[in-house]
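Scroll down for the structure; my scribbles are underneath it.
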Amino acid sequence: MQSVKLAACAWSVAVAAVAASSATQAQAPVEEAPVEAPLGPQVSQAEAAAPADAASQDLPAPAAADTSEADEAAASEAAGDARTDGGIEEVVVTAQRRKEKLQDVPVTITAFTAEQLSEARIVAVQDVATRTPGLVFDAFPSSQPRLAVRGIGSSDRGAAGDPSSAVFLDEVYLGRPAAVAFDAFDVERVEVLKGPQGTLYGRNVVGGAVNVITRKPDFTKFDAGAQVTVGNYARAEDAGFVNVPFADGKAAIRVAGAVRQHDGYTENNFTGGRQDDQDDRSLRVQLAYNPQDSLRLLFSLDGTRSRAAGPGQHVVDRDPSSPYAPLWTIDRNRNYTAGSFEGYLNKETWGSRLQGDLDLSFATLTYLGSYRELDYRESYDFDGGNPSINRIAISGGAPEKSHFYSNELRLSSLPESSIRWVAGLFTFTNDTNRRDALILDTGRGPGTEIYHQQATLDSYAAYGDVTIPVGERWHLIGGIRYSNDDKDYHLSNTEGPNLFRASERFDLQLSDSWDAVTYRVGGDFKPFKDHLLYAMVSRGFKSGGFSDTPGAAAEASQSFKPEYATNYEIGQKSSFFGGRLVWNNTLYWMDYTDLQTINVLPDLTKVTKNAGAATIKGYETYFNWRPFAGANLMTTYAWTDGTFDKYDFSPDESYAGNRLTRLPRSKVVVSPSYDVLASSGAIVRLAADYRYESKIYDDDSNVGPEFRPPTHFVDARVIYISPSDHWTVSFWGQNLTDETTRVFQGTFLGATFAAYNPPRTYGMTLTWNL
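Going by my numbering, the first residue of the sequence shown is number 1143, and it counts up by one from there.
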């Protein structure tokens, strides 16, 4: 209750600040500050202020007929003035399928620009999660990340299950956890949308969505860049891009790639090898062609190959109530593991994407098609021990092959339209072949049990969304989406020689279908320039499915229904002092119903039922201030309270009143920086990040060892930026206090098994741009 009062108090202060500042601005309007973007892409005031149509406008436009040297010099001078003036960079996002300034979007969004991604070494989805209040990343293992937004996430990795928060790469849905693989080099921005996004983004965005937007080919100039990083643990990273226009400025190709390697953070003192290492290689090729001003085409091809040993697992606690507890040896040393083998986490994922935009007299017609494949292989020691210390050995893995493709056809309003709208049709097909293998040795020789899962999903949707101006300051917003999912599921446990989790053998062909209507309705109001107030009700859903590794045919045959979240949100976004201070606040209340609760039983079977309902409420604030030239302070904070209203998996088990798992009540990120301007025009930037998360429960019972205490992480960097901006050198350190926390844990067979976060790392990065 005290936290609620604090949130309400902060909200009242925010509204009062809006009123006071707005009254001042009404008497003496303040000109907008120039844009500052020393390293990242600059957004002109004209572009930022212009209304935009759908996200197809991310496609590059043809070059102007002539660009004089005087114009280039003026642009360069303006950029320099912006840097010394100290204004906050305007960020343009496409959260509503059209280009808009972040401060004008009635959605709670955390956005990372290209500059922020590069400077803070944000290269993968887990790096985004650590710096985003309201977003939590869980390694399960790290090659199959579990994301939770505002407490809504899923542990279901089965072929007939789905995530609850989705990741999109250039608007393409990455439908499997292991398919979430991208490198943030040459990425324009990353957007984290919080709350249900069921209207514009569809299924499985109950909690929210992460949008990764890559840099597109540039028709106007040849460009190139490279980046080299070295660091401890034999870290060696190389990345580069090249952009080549051709065909008289009507076409361009952009190629970007990266190699990232480091030795394992964890030493295996049984095998002599190392684990928790990295060997990732990624490549992205984009070809853009504008045969005429009204027609734009973009073809993309990307791929990622990852090689790594298995995670360093540990027995961190014993369950005194289990007869198996004495058979385990506790090992909480993060730096060492003692697994009987090192294992592997290997995957290849690649995809193609085709987008075409045709400007009609009344709208823009867009086609977006994609095809992606995933080949994932894993096998590792689950308990992190060997026969000399543990009397039980658990290992295995769940390799899978998936391919999925989507088609979207949409019409969107033209940029000059006062009524902004978009309507479309969408299809998504996913085929997954997965083998969940468990190898168990209780001292009488190893046995193997295998669940073979093969699932096919066909999903169809139709949607529409509109923003209507009412006078000069009001907008009404409404959207609706109809979705239909059909799933076919083949599940058998007849392949393996043993049964551990199941009580009987079965081979089943199952199918079911679900449909849902999701929506959003609300409005925004601009009482004064640079201040936005909004209210929104939005609804999202996660598709139904079938259990992962059930114990009997009767349990396997029973499907579970979709889960839903309805979010009630009010927010305020404000800029003060000519754009030198940005302060945004959000209050929300979410009804989360028909929770797909996964119960891991003592025999290790996993059954999913719609056994829960929860209420999630919270407050989020974003504060970015440049008090004087060179100085910047950015702070974000999220207070989230999520509790089960109902949790009745069985008649003898109820967790009503307990907190949702993997949900810190408080999460804070504080990022100060200061620029020292040398007489030569060079800049030395001093920057740091402090991150705090309050305690987390990893188990619905909220008791026992599956608990993570509060964490405090500190990162820092010193960056030298050359006078010409052509090259920079960064000396950086991450987790400087060598904080230790568990990034995954689970309890079964009398012990709690866990993996740890990376230790202190440091290095140097050299970046060059043409």
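Using N, Cα and C, we set each Cβ at its ideal position, and we do this for glycine too. Small disclaimer: the values here were computed from a predicted structure and weren't measured.
Worksheet item: How about the stretch 1764–1777 and the stretch 1715–1731: do they share at least three Cβ pairs that are nearer than 8 Å?
Response: yes
Worksheet item: For the beta strand (DSSP E) that contains Leu1440, what are its first and last residues?
Response: Leu1437 to Arg1449
Fill in: Through-space distance from Arg1377 to Phe1873, alpha-carbon basis
14 Å
Practice prompt. Starting from Ala1381, follow the beta strand (DSSP E) in both directions and report where the run begins and ends.
Written response: Arg1377 to Phe1388
Discussion item. Which same chain residues end up closer than 7 Å to Gly1784 when comparing Cβ atoms and leaving out the 5 residues on each side of it in sequence?
Written reply: Gly1293, Ala1756, Ile1758, Arg1801, Leu1802 and Leu1805
Item to complete: State the DSSP-derived secondary structure class of Asp1246, mapped to helix, strand or coil.
Response: helix
Discussion item. Pull the bridge partners of Thr1274 from the DSSP assignment, please.
Written reply: Note: Thr1274 sits in no beta bridge, so no partner.
Fill in: DSSP bridge partner residues for Gly1929 (one or two, in chain order)
Residue 1929 cannot be examined here, being either before or after the span of the chain that is shown, 1143 to 1912.
Worksheet item: Mind checking whether Pro1692 and Thr1747 have CB atoms under 8 Å apart?
Response: yes
Worksheet item: Could you give the residue range of the alpha helix (DSSP H) that holds Ser1699?
Response: Ala1695 to Ser1699
Worksheet item: What is the rounded straight-line gap between the Cα of Ser1463 and the Cα of Arg1273?
Response: 38 Å
Worksheet entry | Candidates Ser1864, Thr1782 and Asp1831, of which the one nearest Gly1875 by Cα | Asp1831
Worksheet item: What residue range is occupied by the uninterrupted beta strand (DSSP E) comprising Ala1677?
Response: His1673 to Lys1684
Practice prompt. Indicate the three-state DSSP secondary structure (helix, strand or coil) for Phe1310 in the structure shown.
Written response: strand
Worksheet item: Taking the Cβ atom as the reference point for each residue, do Asn1488 and Arg1533 lie within a distance shorter than 8 Å?
Response: no
Worksheet item: What runs of the beta strand (DSSP E), each 3 residues or longer, lie entirely inside the stretch 1715–1756?
Response: 1723–1742
Practice prompt. Could you tell me the boundaries of the alpha helix (DSSP H) in which Ala1394 lies?
Written response: No alpha helix (DSSP H) holds Ala1394; the beta strand (DSSP E) holding it covers Ala1393 to His1404.
Worksheet item: In chain order, what residues of the same chain lie with their CB nearer than 7 Å to the CB of Glu1697, ignoring the 5 residues before and after it?
Response: Ser1689 and Val1749
Discussion item. Out of Tyr1839, Arg1833, Thr1909 and Phe1849, which one is the CA nearest neighbour of Ser1866?
Written reply: Thr1909
Worksheet item: Which word fits Arg1428, buried or exposed, when buried means at least 16 other C-beta atoms lie within 10 angstroms of its C-beta?
Response: According to the sequence as given, residue 1428 is Gln; it is not Arg. That one is buried.
Practice prompt. State the Cα-Cα distance for the pair Gly1665 and Ala1824, rounded to the nearest angstrom.
Written response: 45 Å
Worksheet entry | Closest residue to Glu1637 among Gly1391, Ala1579, Gly1276 and Ala1237 (Cα-Cα distance) | Ala1579
Item to complete: Report the three-state DSSP secondary structure of Ser1601 (helix, strand or coil).
Response: strand
Worksheet item: Opposite Glu1515 in the DSSP bridges: which residues?
Response: Trp1492 and His1545
Discussion item. With distance defined between alpha-carbon atoms, name the residue in Ser1521, Ser1512 and Gln1369 nearest to Gln1417.
Written reply: Ser1521
Item to complete: Please confirm whether Val1826 and Val1860 have their CB atoms less than 8 Å apart.
Response: yes
Worksheet item: For Ala1505, which three-state DSSP category applies?
Response: strand
Discussion item. I need the DSSP call for Pro1465, collapsed to helix, strand or coil.
Written reply: coil
Item to complete: In the DSSP assignment, find the unbroken beta strand (DSSP E) run with Gln1651 in it and report its ends.
Response: Asp1649 to Phe1667
Worksheet item: Taking Glu1490 as the reference, which of Gly1620, Thr1506, Gly1340 and Arg1318 has the closest Cα?
Response: Arg1318
Item to complete: Would you be able to state if there are at least three C-beta pairs under 8 Å between the stretch 1323–1339 and the stretch 1627–1636?
Response: no
Worksheet entry | Assumed close pair Asp1840, Gln1887 - CB separation to whole angstroms, cut-off 8 Å | 5 Å
Worksheet item: Beta-carbon separation of Asp1627 and Ser1653 under 8 Å?
Response: no
Practice prompt. Kindly list the residues whose CB is nearer than 6 Å to the CB of Arg1426, restricted to its own chain and excluding five residues on each side of it in sequence; keep chain order.
Written response: Ala1398 and Asp1444
Item to complete: Just tell me which of Ser1716, Gln1714 and Thr1708 has its CA closest to the CA of Thr1735.
Response: Thr1708
Worksheet item: Are three or more beta carbon pairs between the stretch 1453–1472 and the stretch 1362–1372 nearer than 8 Å?
Response: no
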